[in-house]
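Please read the structure below before turning to the comments.
Quick look at the structure:
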């Protein structure tokens, strides 16, 4: 067992698995997701582009489905695509 100190001086036991790239209680998972980073950036770019292309149709959608639903769905779509792209760029930059 490996004990990791936190800011509040508690100790958490993390099992040690030899060559595992786990880095304790941080949010990083090591290099196992790094090959997906370029794909995430490309998909994010495509999702942002489709959101921009679909934005002129929002007037019709608002009239048909209601403003709250359309604006919520559009904001959710754009924020998730930007978050995917930022994650991909961050992982891609750190893996190089």
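Numbering (the numbering used here), first residue to last: 717 to 812.
Every residue gets a Cβ at the ideal spot worked out from N, C-alpha and C, and that includes glycine.
Only a predicted model underlies this, so the values are computations on that prediction, with no experimental measurement involved.
{"Asked": "Excluding the 5 residues flanking residue 786 on each side, which residues of the same chain have their C-beta closer than 8 Å to its C-beta?", "Found": "774, 777 and 778"}
{"Asked": "So, at 8 Å on beta carbons, what are the nonlocal neighbours of residue 809 in its own chain, with the 5 sequence-adjacent residues on each side left out?", "Found": "none"}
{"Asked": "Residue 802 lies in the alpha helix (DSSP H); which residues open and close that run?", "Found": "783-811"}
{"Asked": "If I'm right that residue 767 touches residue 790 with Cβ under 8 Å, what's the distance once you round it to whole angstroms?", "Found": "7 Å"}
{"Asked": "Rounded to a whole number of angstroms, what is the C-alpha to C-alpha distance between residue 799 and residue 772?", "Found": "23 Å"}
{"Asked": "Rank 812, 751 and 764 by C-alpha distance to the C-alpha of residue 792 and give the top, closest one.", "Found": "764"}
{"Asked": "Quick one: what does DSSP say residue 763 is sitting in, helix, strand or coil?", "Found": "helix"}
{"Asked": "Consult DSSP for residue 752 and reduce its assignment to one of helix, strand or coil.", "Found": "helix"}
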